[in-house]
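Asks: Yeah, the sequence shown ends on 886 if you go by the working numbering, and it's all consecutive.
Would you mind keeping the following structure in view while I ask a few things?
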Amino acid sequence: MKVPLSWLKDYVEIHEDPQQIAGQLQYSGTKVESVDKVDGDTVFNLEITPNRPDCLSVIGIAREIAAVYNRRLSLPPGLSNPSVGSSNLPVSFEVSQKNLCPAYSAGIIDSIRLDQSPDWMRSRLEKSGVRSINNIVDITNYVMLETGQPMHAFDFDKIRGTIRVKAARGGERLVSLDGVERILPEGAIVIEDEEKLIDLAGLMGGESSEVDKNTTKIVLHVPLYDPLAIRRASQYLGLRTQASNIFEKKLNPSAHRYAFERAAGLLREIAQGNLVSSIKTVSEMPKERSINVPFSLIKDTLGISLEAREVGSILGRLEFTTNILKGGEETFIKVGVPSFRTDITEPIDITEEVGRIYGYNRFPKTLPIGSPNDGILPIQDLEKKIREILVSLNLKEIYSSSLTSAKILEDLNIPSQNVLRISNRLVLDYEYLRPTLLTGLITAASNNVDNFEKFSLFEIGRVFDKELTKDRLPIQSKKIAAIFVNSDFSLAKGAAEELLHRLEITSLKFEEVRDQPPFAIPTTKVLVNNTPAGLVGEINSESLSRFGVTFPTFAFELDLEILERSRGTISYKPTPKYPLVKEDISLFVPKNLSFSEIEQAIKSAAGKNFYALELVEETTVSGKYSMLLGVKYFDANKTLKSVEVGRIREKVAENLSNVGARLRTN
221 MKVPLSWLKD YVEIHEDPQQ IAGQLQYSGT KVESVDKVDG DTVFNLEITP
271 NRPDCLSVIG IAREIAAVYN RRLSLPPGLS NPSVGSSNLP VSFEVSQKNL
321 CPAYSAGIID SIRLDQSPDW MRSRLEKSGV RSINNIVDIT NYVMLETGQP
371 MHAFDFDKIR GTIRVKAARG GERLVSLDGV ERILPEGAIV IEDEEKLIDL
421 AGLMGGESSE VDKNTTKIVL HVPLYDPLAI RRASQYLGLR TQASNIFEKK
471 LNPSAHRYAF ERAAGLLREI AQGNLVSSIK TVSEMPKERS INVPFSLIKD
521 TLGISLEARE VGSILGRLEF TTNILKGGEE TFIKVGVPSF RTDITEPIDI
571 TEEVGRIYGY NRFPKTLPIG SPNDGILPIQ DLEKKIREIL VSLNLKEIYS
621 SSLTSAKILE DLNIPSQNVL RISNRLVLDY EYLRPTLLTG LITAASNNVD
671 NFEKFSLFEI GRVFDKELTK DRLPIQSKKI AAIFVNSDFS LAKGAAEELL
721 HRLEITSLKF EEVRDQPPFA IPTTKVLVNN TPAGLVGEIN SESLSRFGVT
771 FPTFAFELDL EILERSRGTI SYKPTPKYPL VKEDISLFVP KNLSFSEIEQ
821 AIKSAAGKNF YALELVEETT VSGKYSMLLG VKYFDANKTL KSVEVGRIRE
871 KVAENLSNVG ARLRTN
């Protein structure tokens with residue numbers, strides 16, 4: 221948002237250097253992206269956070285400056301005599317659903333002389349990033365920038381009968397002011413007369429009621445709209461305007477009447493327009509909001525002691541009312557919240573207001589107490605470890621959208637009716653929440669298959685189940701999945717085993733799956749502590765061909781939360797005093813034999829002499845899956861002799877044979 225310094229000076233006394241003003245705004249929580257010189261003026265380029273719609277105006281920023289410097293805020297005058305005109309509004313206004321437009325002010329202004337705006341107004345609009353059009357449109361834009369309340373002017377003579385605010389039926393059409401015919405989504409807020417749609421409410425006016433060179437009489441409409449409906453329509457149509465950006469926020473419910481009077485006053489001053497009707501104002505009086513804030517909360521949160529008088533002064537500068545209350549041993553401050561501060565709902569919000577206006581830069585510097593904590597959750601630590609392991613196995617990580625398309629689901633033979641569909645999609649084709657990470661992995665494989673003959677990818681992320689929890693929310697499981705292009709089953713299974721082995725997950729089994737996923741051919745179930753934790757298998761050639769992948773491709777997908785619960789406690793042992801004996805064991809291994817079973821066989825054979833085991837290499841020899849293992853033996857009290865190592869070797873070979881592994885002789 222661009223705000224000229226000269227405009228701010230109309231409402232608050234400012235003597236400070238612009239850079240100092242920018243610094244104080246930064247300290248009080250308003251981000252200043254740049255301070256620019258434009259035509260002899262200073263323009264602040266500000267970023268306003270979504271929770272502060274009261275700052276989306278020149279008056280709002282002036283109010284912040286007045287609070288920081290403890291100065292008086294002077295608001296511009298409205299209409300000097302708002303009661304002029306006939307007692308009746310010659311146009312009937314209706315709202316079909318109150319929630320669509322819960323409040324508005326409207327009236328008729330006649331005898332308007334359409335012309336260019338005066339130089340001072342055009343200059344302020346242009347410095348604020350708004351193009352000057354004519355004095356009527358410019359005044360509505362000027363008051364929107366000034367007060368933060370959007371409004372619209374309709375040509376009175378182009379309206380037929382009753383003006384009605386309603387929700388659009390899906391497929392209705394409207395030609396907007398930019399000349400584009402727009403097909404409206406269901407639920408978009410529109411305004412119609414007896415014959416046609418005249419406004420895409422909150423986004424852009426309709427061409428059919430546009431103010432033009434022949435306009436002499438207007439209907440001025442200053443509404444509040446349902447923020448959610450405005451945002452949904454904006455997203456669906458891909459249409460963002462300054463007005464829609466404001467209407468999407470929770471606006472001051474009391475601002476529309478003042479904004480109408482301010483605009484009507486400027487129309488009289490600049491365009492010789494006369495208010496010829498009463499001002500129809502429809503709104504519920506906003507309930508007075510008050511919050512009781514314990515002084516102890518302010519002290520404990522901010523870490524500073526402030527006198528009640530100083531807290532009251534700070535809040536008073538922000539136009540809050542205050543009253544000190546005694547309640548037993550605790551002292552409270554009862555804070556009345558002004559209607560324009562829709563973001564203030566609880567005591568901690570008041571505490572933040574005190575802190576930011578007092579000045580965080582004034583807080584004393586203190587050293588932290590206690591030992592530092594990295595704050596990493598167990599599941600985050602697990603994800604970090606998984607990334608390290610899979611990268612060491614030469615897999616590359618990808619990040620893909622949690623949304624997927626009907627075509628991708630169809631190509632993977634996944635029925636779309638079994639997948640969660642979102643109702644307010646941002647991208648036309650991507651309207652489903654992914655049921656598996658393979659939607660992104662196989663798409664990434666498709667994008668890379670022309671450049672690389674053989675590669676492996678992995679991703680960590682959430683998948684979404686159509687089955688709902690008791691809170692009526694979708695089940696969102698976190699998974700780890702990997703895809704191996706131009707590979708074989710043994711590599712995919714071996715990578716899954718190695719991953720689980722390094723995660724200290726020892727109770728591991730593989731079982732054949734009867735109900736195959738729709739995109740896979742014979743798949744193996746991964747069991748951890750006898751709990752199904754995922755699948756490993758081959759993606760069928762039919763699905764692969766639809767993605768342009770012609771190589772044999774395998775994959776696994778595991779439930780991260782099950783792995784986290786099954787992880788063993790990592791223990792550390794001292795380095796042995798006596799030398800380790802390292803031996804390599806080369807095996808032919810059947811496909812259904814897991815690494816954990818092999819490890820258990822070796823551990824059982826070596827007993828107290830076992831020290832460590834690692835998977836050195838996996839390969840296929842004459843169609844048989846082969847493993848090269850590195851095993852280390854030791855004795856805690858002496859150096860192992862060759863005879864003792866020989867006995868351990870024989871016992872290891874016997875145990876491996878019993879579980880189905882066979883020593884290679886060549």
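Backbone N, C-alpha and C define an ideal beta-carbon position, used for all residues, glycine too.
Just so it is clear, the structure is predicted and the values come from calculations on it, not from any experiment.
Excluding the 5 residues preceding and the 5 following residue 645 in the sequence, name in chain order all residues of the same chain whose CB lies nearer than 7 Å to its CB.
Replies: For this step, residue 645 is matched to residue 425 along the sequence shown. Taken in chain order, the residues that qualify are 651.
Asks: What separation, rounded to the nearest whole angstrom, lies between the Cα atoms of residue 744 and residue 634?
Replies: Start at 1 with the first residue of the sequence shown, and residue 744 comes out as number 524. Start at 1 with the first residue of the sequence shown, and residue 634 comes out as number 414. Using only the alpha carbons, I get a separation of about 19 Å.
Asks: So, for residue 307: in the same chain, excluding its five sequence neighbours on each side, which residues have a beta-carbon less than 8 Å away from its beta-carbon?
Replies: Along the sequence shown, read from residue 1 onward, the residue named residue 307 stands at position 87. Here residue 307 scores only 48 on pLDDT, less than 50, and its place in the model should not be relied on; the value that follows carries that caveat. The residues are 498.
Asks: For residue 439, write down the residues that DSSP places opposite it in a beta bridge.
Replies: Working through the sequence shown from its first residue, we reach residue 439 at position 219. BP columns for residue 439 point to 328, 374.
Asks: Rounded to whole angstroms, what is the Cα-Cα separation between residue 844 and residue 640?
Replies: The residue labelled residue 844 in the question sits at position 624 within the sequence shown. The residue labelled residue 640 in the question sits at position 420 within the sequence shown. When rounded, the distance between both Cα atoms is 42 Å.
Asks: Return the CA-CA distance between residue 305 and residue 477, expressed in angstroms with no decimal places.
Replies: Taking the sequence shown and counting its residues from 1, one reaches residue 305 at position 85. Taking the sequence shown and counting its residues from 1, one reaches residue 477 at position 257. Only weak support exists for where residue 305 lies, its pLDDT of 49 falling under 50; the value from the coordinates is given anyway. Taking the straight line joining both Cα atoms gives about 16 Å.
Asks: Going by C-alpha to C-alpha distance, which of 390, 323, 344, 855 sits closest to residue 504?
Replies: For the purposes of this step, residue 504 is taken as residue 284 along the sequence shown, with counting starting at 1. Checked all of 390, 323, 344, 855; the closest Cα to residue 504 is 323.
Asks: Give me the Cα-Cα distance between residue 587 and residue 575, rounded to the nearest whole angstrom.
Replies: Position 367 of the sequence shown, counted from the start, is the residue given in the question as residue 587. Position 355 of the sequence shown, counted from the start, is the residue given in the question as residue 575. Cα-Cα distance, rounded: 19 Å.
Asks: Nearest by alpha-carbon distance to residue 239: which of 461, 321, 254, 441 is it?
Replies: Residue numbering aside, residue 239 sits at position 19 when the sequence shown is read from its first letter. The shortest C-alpha separation from residue 239 is found at 254.
Asks: Nearest-angstrom Cα distance between residue 335 and residue 638?
Replies: Mapped onto the sequence shown, residue 335 falls at position 115. Mapped onto the sequence shown, residue 638 falls at position 418. Cα-Cα distance, rounded: 60 Å.
Asks: Assuming residue 887 and residue 776 make a contact with CB atoms under 8 Å, what is their CB distance in whole Å?
Replies: Not covered by the structure: residue 887. The range shown for the chain is 221 to 886.
Asks: Below 7 Å CB to CB, which residues in the same chain sit around residue 331 once its five sequence neighbours on both sides are set aside?
Replies: Here residue 331 corresponds to residue number 111 of the sequence shown, with the count starting at 1. Closer than 7 Å at the Cβ level, and outside the excluded window around residue 331, lie 436, 492, 493, 494.
Asks: Run through DSSP, which three-state label would residue 307 get?
Replies: The count along the sequence shown starts at 1 and reaches residue 307 at position 87. Note that residue 307 scores a pLDDT of 48, beneath 50, so its modelled location is shaky and nothing firm can be said.
Asks: Leaving out five residues before and five after residue 379 in sequence, what residues of the same chain have Cβ atoms less than 7 Å from its Cβ?
Replies: Walking along the sequence shown from the start, residue 379 turns up at place 159. Cβ within range, chain order: 311, 413, 418, 429, 439.
Asks: Below 8 Å, how does it come out for the stretch 511 to 518 and the stretch 346 to 356: are there three or more Cβ pairs, yes or no?
Replies: Judged by Cβ distances under 8 Å, the stretch 511 to 518 makes no contact with the stretch 346 to 356, as fewer than three pairs qualify.
Asks: With DSSP collapsed to three states, give me the class of residue 459.
Replies: Here residue 459 corresponds to residue number 239 of the sequence shown, with the count starting at 1. Coil at residue 459, not helix or strand.
Asks: Tell me residue 402's beta-bridge partners as DSSP assigns them.
Replies: Here residue 402 refers to the residue found at position 182 when the sequence shown is read from its first residue. DSSP, once it has assigned bridges, lists 394 as partnering residue 402.
Asks: Report yes or no: do three or more beta-carbon pairs, one from the stretch 755 to 769 and one from the stretch 676 to 695, lie closer than 8 Å?
Replies: No, the stretch 755 to 769 is not in contact with the stretch 676 to 695.
Asks: Fully enclosed by the stretch 684 to 748, which alpha helix (DSSP H) runs are 4 residues long or longer?
Replies: Runs of the alpha helix (DSSP H) inside the stretch 684 to 748: 709 to 722.
Asks: Just to confirm my understanding: we take residue 288, look at its own chain, exclude 5 residues before and 5 after, and list those with CB closer than 6 Å. What are they?
Replies: In the sequence shown, residue 288 corresponds to position 68, counting from 1. Excluding sequence neighbours, residue 288 sits near 244, 248.
Asks: Buried or exposed: residue 631, going by 16 or more other Cβ atoms within 10 Å of its Cβ?
Replies: Position 411 of the sequence shown holds residue 631. Burial call: buried.
Asks: At 3 residues or longer, what runs of the beta strand (DSSP E) sit wholly inside the stretch 608 to 637?
Replies: The stretch 608 to 637 contains these whole beta strand (DSSP E) runs: 623 to 625.
Asks: At a cut of 8 Å, does the stretch 778 to 787 reach the stretch 826 to 838 through at least three beta carbon pairs?
Replies: Flag = no, the stretch 778 to 787 and the stretch 826 to 838 do not touch.
Asks: Using 7 Å as the threshold, is the C-beta distance between residue 276 and residue 466 below it?
Replies: Residue 276 sits at position 56 when you count from the first residue of the sequence shown. Residue 466 sits at position 246 when you count from the first residue of the sequence shown. Result yes, Cβ atoms of residue 276 and residue 466 sit closer than 7 Å.
Asks: From the DSSP output, in three-state form, read off residue 445 for me.
Replies: If you number the sequence shown from 1, residue 445 lands on position 225. Correct three-state label for residue 445: coil.
Asks: Which residue wins for smallest C-alpha separation from residue 750, given the options 441, 727, 694?
Replies: Along the sequence shown, one-based indexing puts residue 750 at 530. Cα-wise, what sits closest to residue 750 is 727.
Asks: Tell me the DSSP secondary structure of residue 269 in three-state form.
Replies: By one-based count along the sequence shown, residue 269 stands at place 49. Note: residue 269 maps to coil in three-state DSSP.
Asks: Can you give me the start and stop residues for the beta strand (DSSP E) that residue 580 sits inside?
Replies: Sequence index remark: in the sequence shown, residue 580 carries index 360 (1-based). Counting along the chain, residue 580 falls outside any beta strand (DSSP E), and DSSP gives it neither H nor E.
Asks: From what residue to what residue does the alpha helix (DSSP H) around residue 862 run?
Replies: As a position in the sequence shown, residue 862 is number 642, starting the count at 1. Start and end: 862 to 878.
Asks: Once the 5 residues before and after residue 381 are set aside, which same chain residues still bring their CB inside 7 Å of it?
Replies: Against the sequence shown, residue 381 aligns to sequence position 161. Once the five neighbours on either side are set aside, the close Cβ partners of residue 381 are 413, 414.
Asks: How about the stretch 514 to 528 and the stretch 570 to 584: do they share at least three Cβ pairs that are nearer than 8 Å?
Replies: These segments touch.
Asks: Please return the same chain residues whose Cβ sits closer than 8 Å to the Cβ of residue 470, not counting the five positions on each side in sequence.
Replies: Locating residue 470 in the sequence shown gives position 250, where the first residue counts as 1. Excluding residues within five positions, the ones whose Cβ falls inside 8 Å are 273, 447, 562, 563.
Asks: Sort 806, 870, 831, 827 by Cα distance to residue 881 and report the nearest one.
Replies: Here the question's residue 881 lines up with position 661 in the sequence shown. Residue 881 has its Cα closest to that of 806, out of 806, 870, 831, 827.
Asks: With burial defined as no fewer than 16 other Cβ atoms inside 10 Å of the residue's Cβ, what is the status of residue 170: buried or exposed?
Replies: Examination of residue 170 is not possible in this model, given that the chain is present from 221 through 886 alone.
Asks: Residue 866 to residue 679, Cα distance in whole Å?
Replies: Taking the first residue of the sequence shown as position 1, residue 866 is located at position 646. Taking the first residue of the sequence shown as position 1, residue 679 is located at position 459. If you take the alpha carbons of residue 866 and residue 679, they lie about 44 Å apart.
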